[in-house]
Structures are given as structure tokens and as C-alpha cells.
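Protein chains in written order, with this note's numbering: chain P, 1 to 563; chain H, 564 to 749.
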């Protein structure tokens, strides 16, 4: 077998069905044999960043690792943003890149770049393969590392002469990585202590992150929240981990979280964070975060997350599901009536700080679009959002009841994520309706992937929330940078209806609220990808929002005069 | 200047030892992580262990603005790092090796060699124009000799960076050693 065939056979053995890739000089010996592996479907992207985001969206929607091919030099470097996106959000992606011949490495050969060096900070692990006999082991390890413990992207850089060398492989059954301990068992003492603290707290709050979704711990989370009557919120990436219409739901926390969530976090006497990093978007000003929490419990699979930002009183280093499952029988319900004051208080906050939006200025509002979209899909569709205001509106104005229905770039905040990730998600879950919600600015960063949607008739419905500006940046400039608007005006953009037509998909434009329902009718009855350009209020803002540098308690709401 | 033997008052300087897989790029991985996390390497030495394919690194790292235990945790996070020990608070031995080249001859050489003897170093190479002196020991001991030799004109100074080892023996190893004794006695 050649090295190229070993790569393909190794992928087949890993159960890979779909590859997002782009051929070039240094990976042609792999592509030469692709047709010989009919179970490996290949999607030719139009830019390698698109491949990385498609693999990411595929992985988030399916729970299986996404696979990417790219050639050396610029091909591999174009993956970097996509790998960083997957890395920040703990998404399993395996990237296989071509590299120049082993004899040319280090000589600044054509299309040579130090891809292992460049991707070291944005991958969970990476490899450079210079001997064909290492390939079966390395690819096995790559999938193992990407998918176990806290998942993440792994890159395998394969020199071109290695792809051409021949070798009769023996396929390893197991991996041997003495320095890798992916799933620590929960410490029973710590779990007992956490259960006891949660059972005796007066004003407890649970926050759930992406780790709850990755470990499928939502049932255990719900059971613990209900048994202990604990109000429970989520991070942006944890959306869906707890049903948002549950009476105990606190909805989204953090920098742009709901008012009642932020009040509850600031007033709670016990805070239990599960499967989350406690990053700056969750805490806002760290020294003012959860100041009354006498007990802070942190459950996370990654030991380096414990105490990185806030030192916990009780730490459980474990898979969220394993930890919560062990904790469930140990927690006790509160005394009759014990929880009433806390729940009443939260209800008052919910009434005092409702989510609301401008309805009085005659412009089409993003919420008009999202509410109509939700009315039609209920909780069955997958929503893939881009980054910016569109992302937060999609997070807050959609009632996610289950995990896996909201996909977005939370940690890296990568504009241009939504379209390719939505294509990947739809290919992973063809039975699901997939909506891509994006601003026009992020959309054009990867819009070339429309060709992929058309070529494969990937039925992604694209909802552009088009405010003809960099909305979130404009909002920051208005509110936090002295009102000086600088380089945020996108008055000159393509006509998106014509753009869609040029790519070969139907597109329509909507300017008024009265046309919204009709537009969705059109999208739903039209097979294949569809684009709707919703021209929304150019001044629409995201609320609530915590001013930069302030604590959660200082959040701003939609000013009354705009309501 | 802070040194391995004189921790800064807030103890942000950590002394760690790590057993790593002897792969190409592992040093770059460790160094990259340290820079990326805002830590700073003050001393680093790498050498083989008694096990093939494994190397030992001794690192003296300033934790920067991070929580100090992050240094160990982030090292442990790397897949090619097999085990890490933070020796900062543990009873431990620190050793560093220094080579000093002095361009001395005649009576100046005799006085310089006498300084070396007093400090516990030794002359390891001598030519008509120069001597090379070796000294190993804790940071302070090396500093003292270097200062004492400075007036004689140091041509070259090479220091290995510190290596460190915990004085403690894990309980499991003690037990194992006891069993070995039992076997040989029977």
C-alpha cells in the first residue's frame, strides 16, 4: 500500500464517511487513490477555511469527528482559523495536510510552511509524519486524542514522499499514550461534598456549559436541578443543556445574558458550574463575579480549567455526566418551603428584567424574524449562527429545548463560521431542518461556500440579518467608545438576491415585517438552499449587555424610549 | 534578579521537573505553551532519563499573572508530557554546572586556582594561556565563585541551568525496594 492509501484506509477504519477538502501539490498522492474508497464521500470546498468550519459543524451536529484535507503551505494555513474555532469550543476535528518531501523540509521549498509549528497553539495535538510506517499509528492516535476527554482538533501533517512510499501496514488495535489521561474518575469525596453543599444551600444556582452537551449529561443535570429545586442557566455554548422554558430555567448567563440570570448569579450563596471554563464572557469583571457565593463548585473534565480563573471550594475533575450521575443519589430535596423565597425573588427579577425589543420605530427587527422562524420550527430545527449581534439574538430569541440545536463559534468568535458550519451540520443530520443565521458582514467572509451548498443541494436556509453595518462593533463604538463610528458602515455590499442567483440558488429580499411570514413560506416550500436577505433596523442593538470592564450587576437593558 | 534558590516574595517562581517523550518538537511545544500562557522561562535543562525514549526537563518558570498551579497543569495538559512534579515547596536538591574560562598564567593563575579550590571547584583544562574551571552546586555557590573569579578576567562562562530532584521517595517505591531485599535474602 502507498502512504496515500494507508491514510484513506485508516480513515475508513475509523468509520469516516465524509471528508471536506481541497487538493494541491502536496496531497495529490492521497487524492490519486480517493476513488478507490467509495465509502469516503468527499466534499470539494471553495476555500480551506470553509472545510475546517464544515468539519466543525459536522462534528457538533453529529458528535462524530469531522475530517479535513488540505495541501501544504497556504492550503494548510487557511485551516488555522477553523482549527482555532474548533479548539476554543472543544470540537473533534482531524485535519490531514500534505507537506513537502522529507528531503525538502526546512529548505523553504515551494508551498512549504511549518504547519505543525503554526497549528501547535490551536490544536489539541499535532503530528508531522516523516516515515510511512508511523502513519497507521499516528492516524489512530489522532482520532483517539480528538474524540476523548475534552475533545479538540488534531492535525496530521504528512510529507508527500511518505504518501508515495509503500508499506504493508499492520493496524494497531489500541493506542499507547502514557502522558494522556483523558477521563479522570470523579473523586467520590469531592462529589459527596458537592452534593452536601448543594443540598443545604439557601440560594443555589447551577450554570451548565458545553461540557454538559458533549458528555450528554442533560438528563442528569435536569434531575439534579429538579430534585434540589435549583435554578439553572447555561453559557452561550451550553444553550440546550437545560430546557429554556423549564420553570427553573435561568436562560443564558454572562456578558449578554438575561437580567434574571445575572441577578441570580450575583445573589446566589452557592454556584455550581458544570462543564464550562468560567471565561471572561461568563464572568465579566472577575473580582465582582458571584460575590455572595460562599461555595463555588466547579465540575470540569480538564484539570487545567479548575482554578484557572476562579478558585473553587469544591472541584470535581471528571466528565460531566459521570460526575452528575454520581452526585444525583447523594443530593437531597430542600425542606418544604425552604426554596420559596429564592424562587420568588428570581420570579421578580424575571418580571423586572424581561427580554424585550423595539417594536415602535417601523423598521423590521431581528426578533420579528427569529420569532416567526421559531414559530415554524418549534424546537426541532438546528440553528447555526455566525458571530456578532446575530449570534446573541439567535441565542436569546429562540427557545432551545434540547442540546445540539444551536451551533455557534463561542470561544473564538469567528465571523464567517455560520454558512460552512451549517453545510456541515446539514450533511451530518440530513433529516433536520438547518437554518443559518448570519449578519451580512460575516456571511461574505465565507460566502464562496454557497457553491458547495448548490453543488450538493445541501438544504440550508440562510437567514441574513442585514443591517448594512458591523452591528456589534457599531454598538460597542456607540456605547463604549465615545459614540465615534469608525469603519463600520457597509453601505456598499453585493445585492444578495443577485449574489444568490449568481451562485445558483433562490434568494429574496425582505424589508418589512409584513413580508416575513411569506418569506418563510417561500423558504420552506423551496427545496435546496435558499437565501433570505432581511433588511433589519440598522440601529438595532443587543440587550442586555454588561458595559466593558463592569460587573454582571451593571448590565444595561433596552432603554424604555426604544421599547 | 530572582533565582531558583531565592523565590520571589509572592512565590510566582516555580521549579518543576517533567518527564517527556523524546520526540522532535517536544521542547518547542513546552516553550510555546509557556510563552502563550504568559509564563516566563528562567531556567531550563533537558537530558535523557534512565528510560529509553524519555527525557527529563527541569524548568524554572515565572507564572506571570496566572495562578501559580497553572504552570504544572498546563504542562501536564501536553500529551507528550508524561508526568510533572512541582518541586517549589518540596524538599529538593538543586544543582547547576558551570564552566569558566580564565586567561591567566604565572602567579595570577596560582591565586585564581586557590579561589577555585576554596570554592570546591576544579581545574579541568589548562593551557599555557588559560584554564577552564568546573564547579557544580546550588545557584549561590556558583554565583560566589564567579564573583571571586571576575577580577582575574573571565573569557567565557557557560552554565547548564539548574536541574532539580525531590528528596522524597514515593511510598510505592519504598515498598518495592523492601520486597527486593526480601528476595535477595531468601
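For glycine and all other residues, C-beta sits at the position ideal for the given N, C-alpha and C. Please read all numbers here as calculations on a predicted model, not as lab measurements.
Selected residue, minimal CA-CA separation from residue i, among the options
i             : options                    : result
residue 508/P : 339/P, 246/P, 533/P, 68/P  : 533/P
residue 357/P : 397/P, 327/P, 326/P, 117/P : 397/P
residue 343/P : 3/P, 504/P, 203/P          : 203/P
residue 715/H : 722/H, 698/H, 663/H, 734/H : 663/H
residue 488/P : 538/P, 434/P, 31/P         : 538/P
residue 116/P : 588/H, 613/H, 625/H        : 588/H
residue 9/P   : 30/P, 24/P, 211/P          : 30/P
residue 196/P : 334/P, 25/P, 71/P          : 334/P
residue 511/P : 363/P, 147/P, 385/P        : 363/P
residue 168/P : 6/P, 27/P, 402/P           : 6/P
residue 341/P : 427/P, 53/P, 3/P, 231/P    : 231/P
residue 245/P : 27/P, 524/P, 400/P         : 400/P
residue 184/P : 428/P, 370/P, 150/P        : 150/P
residue 242/P : 381/P, 484/P, 544/P, 210/P : 210/P
residue 212/P : 444/P, 441/P, 404/P        : 404/P
residue 515/P : 495/P, 536/P, 529/P        : 536/P
residue 609/H : 621/H, 615/H, 648/H        : 621/H
residue 546/P : 460/P, 315/P, 263/P, 374/P : 263/P
residue 580/P : 41/P, 32/P, 104/P          : Chain P is shown from 1 up to 563; residue 580/P falls before or after that span and cannot be answered.
residue 440/P : 526/P, 542/P, 260/P, 499/P : 499/P
residue 282/P : 317/P, 233/P, 114/P, 522/P : 233/P
residue 187/P : 290/P, 315/P, 255/P, 138/P : 315/P
residue 354/P : 411/P, 255/P, 259/P        : 259/P
Residue i burial status per 10 Å Cβ neighbour count (16 or more: buried)
i             : result
residue 565/H : The predicted model places residue 565/H with a pLDDT of 40, which falls under 50 and marks its position as unreliable; any figure quoted below should be read in that light. With fewer than 16 Cβ atoms within 10 Å of its Cβ, residue 565/H is classed as exposed.
residue 361/P : exposed
residue 681/H : exposed
residue 746/H : Since pLDDT at residue 746/H reaches only 48, below the 50 mark, its modelled position is unreliable, and the value read off the structure follows with that caveat. Exposed, since its Cβ has fewer than 16 Cβ neighbours within 10 Å.
residue 171/P : exposed
residue 674/H : exposed
residue 365/P : buried
residue 22/P  : buried
residue 573/H : At residue 573/H the pLDDT is 49, less than 50, meaning the model places this residue with poor confidence; the figure from the coordinates comes in the next sentence. Classification of residue 573/H: exposed, given that the 10 Å Cβ count is below 16.
residue 173/P : exposed
residue 583/H : buried
residue 548/P : exposed
residue 39/P  : exposed
residue 481/P : exposed
residue 738/H : exposed
residue 640/H : buried
residue 305/P : buried
Other residues of its chain near residue i: CB distance less than 6 Å, five sequence neighbours each side excluded
i             : result
residue 740/H : none
residue 1/P   : none
residue 561/P : none
residue 14/P  : 143
residue 667/H : 675, 715
residue 54/P  : 20, 420, 423, 424
residue 102/P : 130, 159, 161
Any non-hydrogen atom of the ligand NAP within 7 Å of residue i CB
i             : result
residue 390/P : Of ligands this structure carries none, so the ligand NAP is not represented either.
Cut-off 7 Å between Cβ atoms - residues of its own chain near residue i, not counting five sequence neighbours on either side
i             : result
residue 125/P : 145, 154
residue 402/P : 240, 379
residue 749/H : Model confidence at residue 749/H stands at a pLDDT of 38, short of 50, so the residue's coordinates are unreliable; what they give is reported in the following sentence. So the list is empty, once near-sequence residues are dropped.
Sequence-distant residues of its chain with Cβ nearer than 8 Å to residue i (five each side left out)
i             : result
residue 269/P : 201, 202, 203, 204, 292, 293, 294, 295
residue 628/H : 601
residue 688/H : 694, 695
residue 658/H : 699, 700, 701, 725, 726, 727
Below 8 Å, can you find three or more Cβ-Cβ pairs linking the region 151-171 of chain P to the region 78-95 of chain P?
yes
Give the residues from the region 623-642 of chain H that approach chain P closer than 8 Å (Cβ to any Cβ), ordered along the chain.
629, 630, 632, 633, 636, 637, 639, 640, 641, 642
Identify each residue in the region 168-180 of chain P for which the Cβ-Cβ distance to at least one residue of chain H is less than 8 Å, and report them in chain order.
177, 178, 179, 180
When you compare the region 56-67 of chain P with the region 458-478 of chain P, are there three or more beta-carbon pairs, one atom per stretch, that lie closer than 8 Å?
no
Below 8 Å, can you find three or more Cβ-Cβ pairs linking the region 219-227 of chain P to the region 323-334 of chain P?
yes
By the 7 Å beta-carbon criterion, what residues does the region 118-140 of chain P contribute toward chain H?
120, 121, 125
Residues, ordered as in the chain, of the region 298-319 of chain P that lie near chain H by beta-carbon distance below 9 Å
302, 303, 304, 305, 306, 307, 308, 309, 311
Taking one C-beta from the region 49-63 of chain P and one from the region 112-132 of chain P each time, how about it: are there three or more such pairs within less than 8 Å?
no
Output, in sequence order along the chain, the residues in the region 141-158 of chain P whose CB is closer than 8 Å to any CB in chain H.
145
Validate contact between the region 39-46 of chain P and the region 448-459 of chain P using beta carbons, cut 8 Å, 3 pairs:
yes
Pair every Cβ in the region 293-304 of chain P with every Cβ in the region 246-259 of chain P, then say whether three or more of these pairs are closer than 8 Å.
no
For the pair the region 134-145 of chain P and the region 74-86 of chain P, tell me if three or more CB-CB distances fall below 8 Å.
no
Residues of the region 711-737 of chain H with a CB closer than 8 Å to any CB of chain P: list them in chain order, please.
none
Give the residues from the region 642-666 of chain H that approach chain P closer than 7 Å (Cβ to any Cβ), ordered along the chain.
642, 643, 644, 645
Using a Cβ cut-off of 8 Å, which residues of the region 668-687 of chain H contact any Cβ in chain P, in chain order?
none
How do the region 384-391 of chain P and the region 426-446 of chain P stand: do at least 3 beta-carbon pairs fall below 8 Å, yes or no?
yes
Pull out every residue of the region 90-120 of chain P whose Cβ sits closer than 9 Å to any Cβ of chain H, in chain order.
116, 117, 120
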